[in-house]
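Working notes for the structure below.
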Amino acid sequence: MNLFERFWQSMDDLRQDRRGEPETLAMNLNPVHAPDGVQSEAGRDLSAVVRGGMRRFPPCVVSQPQFDTRPFCLIYTVAAELPQFHELFEQYVDKNAFIAETMLRLKPHCEIPYILFIGKKSFFLYDSNLEELIRWGNDYGGLDEVFLQPASDGLDLAGIWNKCERKSNSQRAEEFARWLDLWKVGIGARTSATPAFMQVLMQKVILLFLYDLLMGLQEPELRLRTNFLDNRTARILSVNRNAGSMPFEGVAWLHQASSEMLGRYDIEFLEWTAAESNFFALMTADTRYQFSQFVMELFLLSQAKFCAAVQVDVFSDVNSRLKLWKFSVTETLNVRQRLHADDVNVYEPICIDLEESGIGWALHVIQQVLDFWKDRCAYFEQQLTERRQLKLQFDMFQQPDLERIRVPVMADIFDQTFSTSVRVYYDYPMERLTLEYLVILRVIEFCHESAVPLRPLHKISDVFIEKEQLAMVQEI
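Add 12 to the 1-based position in the sequence shown for the working numbering, that's all there is to it.
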């Protein structure tokens with residue numbers, strides 16, 4: 013008897029043992045069945061998930077009504093061979109392709125906090141929101157400890173799992189950096205590309221991946237979720253899995269996706285360079301295939317690893333992280349006090365020396381300025397909508413042009429933040445590029461979290477001032 017057969021036999025035994033008692037096992041398990049004749053995306057995704065499981069043990073949503081009527085877990089008994097934990101650990105990934113596909117198909121259509129995958133020889137319990145593995149094992153004893161025994165004792169399983177320790181941002185950053193290094197070496201060594209070039213190239217891929225994940229590229233053929241799922245289907249249906257199993261072409265995707273975002277949002281960071289054209293022109297077919305695999309493997313990482321808080325650690329050195337800690341402890345950042353501004357106008361921005369502050373603190377300041385303008389613009393917009401009049405105070409010593417005053421609203425938050433309110437002085441172009449990447453990443457997150465439409469970001473270039481150029485201006 014394999015692992016999932018023992019699990020379900022134990023569940024049946026628990027129910028049988030409780031039949032004669034006043035209170036039966038206080039747990040609802042509702043099987044999930046594929047809908048008949050439904051052609052919607054949700055119907056197709058759900059059908060694919062059900063087909064991937066064991067027919068005898070269909071997927072079940074689990075709830076404990078005495079604690080919460082809403083389902084807290086999906087138990088997925090899988091026919092596919094689940095990986096061993098060390099296989100994931102050695103590659104610095106959080107899922108294999110099968111688990112990633114299941115999450116991609118389920119998450120848009122249902123909110124289930126946990127997914128328990130049970131195979132013949134192993135089990136994996138995932139926090140589905142973070143897409144992070146929190147418990148795993150290769151034997152019945154581990155599964156009994158994680159699920160069966162607490163359920164038998166009538167304990168709140170969701171409450172227990174909520175208390176399970178998650179990875180810190182530092183751990184996530186270290187794993188992501190190691191994963192990225194594997195690909196930098198694997199692709200870079202084949203092309204003799206410099207580490208700096210590979211880093212910027214991969215930052216562009218990550219940026220486009222996150223944008224597509226959170227907001228979706230306009231062109232349907234560019235959407236990575238669709239490409240990943242189609243690729244999975246092609247692999248399963250292909251008789252010869254070595255032939256025609258990678259229809260996705262990563263180089264073409266990067267070029268077209270960059271062009272789309274550059275055209276819509278005027279993001280200078282995503283401009284296609286001559287160096288990139290030369291780099292890809294010299295690539296062999298095998299290396300292009302490997303680059304496509306790199307793009308698709310982003311789906312095998314926890315979504316929590318793509319947030320700006322983690323990415324800033326990925327691309328910061330120890331010294332920069334120490335500076336962030338030092339400034340966080342010693343500085344009280346009050347944007348309203350630091351900005352030389354009245355209610356509407358900014359007369360002097362907050363200035364940051366990147367060498368002194370480090371990338372982490374610089375990003376933190378920019379985040380705070382962005383939040384400041386979000387609150388202020390939302391207030392102005394609300395007041396204008398409700399009253400059609402707004403009382404403003406101006407700094408008359410600055411002699412503002414009152415006839416040309418424009419009250420900023422939500423559509424102006426990025427222009428207000430980047431064109432008027434913050435300046436970053438830098439020495440090294442690579443540091444500037446990394447911070448620019450992180451700022452754009454944070455803006456995408458900000459728009460997703462705040463339901464604020466993403467708008468053109470051409471003003472980001474106003475933020476950065478090279479110190480050599482500043483010195484030349486001062487000399488003149």
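Backbone N, C-alpha and C fix where the C-beta goes; we use that ideal spot for every residue, glycine too.
Since the model is a prediction, treat every value here as computed from it, not as a measurement.
- DSSP links Asn-40 through a beta bridge to Ser-75.
- The shortest C-alpha to C-alpha distance from Ser-140 to any of Leu-26, Pro-125 and Gly-153 is the one to Pro-125.
- Per DSSP, Pro-162 is one residue of the alpha helix (DSSP H) stretching across 161-164.
- Counted as a single uninterrupted DSSP element, the alpha helix (DSSP H) harbouring Glu-457 occupies residues 441-462.
- Considering only Met-115, Ser-433, Gln-76 and Ala-320, the residue with the shortest C-alpha distance to Glu-461 is Ala-320.
- Scanning Glu-288, Ile-472, Asp-329 and Leu-167 for the CA closest to the CA of Ser-182 turns up Asp-329.
- One thing to note: Val-358 has its Cβ no nearer than 8 angstroms to the Cβ of Leu-450.
- Cβ-Cβ distances below 8 angstroms link Met-66 to Phe-16, Thr-89, Val-90 and Ala-91 in the same chain, with the five nearest sequence neighbours on each side left out; the list follows chain order.
- In the structure shown, the three-state DSSP call for Val-50 is coil.
- Within the same chain, no residue comes within 8 angstroms of Gly-49 by CB-CB distance, once the 5 residues on both sides are set aside.
- For Val-434, the uninterrupted beta strand (DSSP E) run begins and ends at 434-438, by DSSP.
- Taken in chain order, the unbroken stretches of alpha helix (DSSP H) that lie wholly in the region 194-275 and span 4 residues or more are 207-226 and 236-249.
- If you draw a straight line from the Cα of Ser-270 to the Cα of Glu-457, it is about 18 angstroms long.
- In the DSSP assignment, Tyr-88 falls within the unbroken beta strand (DSSP E) covering 80-89.
- The Cβ atoms of Asn-243 and Lys-133 do not sit closer than 8 angstroms to each other.
- Taking C-alpha positions only, His-121 is separated from Ser-52 by approximately 11 angstroms.
- The alpha helix (DSSP H) runs of length 4 or more contained entirely in the region 270-345 are, from start to end of the chain, 286-293, 297-309, 320-326 and 330-342.
- Within its own chain, the residues whose Cβ lies closer than 6 angstroms to the Cβ of Cys-176, once the five positions on either side in sequence are excluded, are Ile-146, listed in chain order.
- Contact between Phe-311 and Phe-240 holds, since their C-beta atoms are separated by about 5 angstroms, short of 8 angstroms.
- Annotation for Ile-472: the continuous alpha helix (DSSP H) segment containing it runs 472-475.
- About 6 angstroms separates the beta carbon of Val-61 from that of Pro-71, a gap short enough to meet the 8 angstroms contact definition.
- Per DSSP, the continuous alpha helix (DSSP H) segment holding Arg-350 begins and ends at 347-350.
- A straight-line Cα-Cα distance of about 10 angstroms links Ile-425 and Val-381.
- Closest in alpha carbon position to Phe-110, among Phe-101, Glu-102, Met-295 and Glu-93, is Glu-93.
- Tyr-440 counts as exposed, since fewer than 16 other C-beta atoms from the protein chains shown sit within 10 angstroms of its C-beta.
- For Phe-136, the secondary structure class from DSSP, reduced to helix, strand or coil, is strand.
- The C-alpha of Leu-118 is placed about 7 angstroms away from the C-alpha of Leu-58.
- The DSSP-derived three-state label of Ile-378 is helix.
- Val-61 is bridged by DSSP to nothing; it lacks a bridge partner.
- When DSSP states are grouped into helix, strand and coil, Asp-151 belongs to the coil group.
- Proximity of the region 151-165 to the region 292-312 falls short of the contact definition, fewer than three beta-carbon pairs being nearer than 8 angstroms.
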